[in-house]
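The sequence shown begins at 5 in this note's numbering and counts up one residue at a time.
Where is the CB? At the ideal position from N, CA and C, for every residue including glycine.
A short worksheet on the structure shown next.
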Amino acid sequence: MIQEDYKIAQQNFLKWQRPVDFDPKLRRTQQQLHEIDEKIYLIEIYSEDPEHVQIRLEQCAVSMLDHQ
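Spelled out as structure tokens, the structure:
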């Protein structure tokens, strides 16, 4: 019974262990979130007016082309 519990505990440990590449993936994800946070203002829309939304869409498209 103790061996069975040990085996289950060992399997759970291996299952939930941090992958070797966890830290680089975490840093890359944090960087991507930071970049999104810096640019989120580009998609903010302050009006439901279709004309305003169209103008904002065009501004975003131009901005995206400028940053490529």
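- According to the DSSP assignment, S67 belongs to the alpha helix (DSSP H) that extends over P54 to D70.
- Distance from the CA of A65 to the CA of Y50, rounded to the nearest whole angstrom, comes to 17 angstroms.
- C-alpha of L69 to C-alpha of Q21: approximately 42 angstroms in a straight line.
- Annotated three-state conformation of I44 is helix, per DSSP.
- S67 sits away from L37, with the two beta carbons spaced by 8 angstroms or more.
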